[in-house]
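One structure is given below, encoded as structure tokens.
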Amino acid sequence: MNGIAERANRTLTETARGLLIEAGLSNYFWPDAVRHACVAKNRALTHVGEDKWVPSRDGIFGTHLPRSSW
Numbered sequence: 843m844n845g846i847a848e849r850a851n852r853t854l855t856e857t858a859r860g861l862l863i864e865a866g867l868s869n870y871f872w873p874d875a876v877r878h879a880c881v882a883k884n885r886a887l888t889h890v891g892e893d894k895w896v897p898s899r900d901g902i903f904g905t906h907l908p909r910s911s912w
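The C-terminal position of the sequence shown is numbered 912 in the working numbering, with every residue numbered one higher than the one before it.
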């Protein structure tokens with residue numbers, strides 16, 4: 843179970859590092875970069891299958907995708 847948490851932390855760290863490098867910002871903005879990486883990860887759609895919920899257009903509530911939409 844610890845490996846799952848370590849992978850999640852590593853993903854956030856790598857994403858935040860990439861954000862800072864691409865924006866040309868210093869490490870002073872590290873907390874903001876990690877926060878934005880977390881928001882992006884939480885709002886990103888990772889898997890859609892039968893009977894799954896996906897974010898709606900406003901990104902707050904979910905919309906059910908029926909099987910016929912595939």
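All residues carry an ideal CB built from backbone N, CA and C; glycine is no exception.
Ala-858 is not a Cβ neighbour of Ala-886, given a cutoff of 8 Å.
For the 8 Å CB-CB criterion, Ala-879 and Leu-861 form a contact. Shortest Cα-Cα distance from Ala-882 to any of Gly-845, Leu-854, Asn-869 and Trp-872 involves Leu-854.
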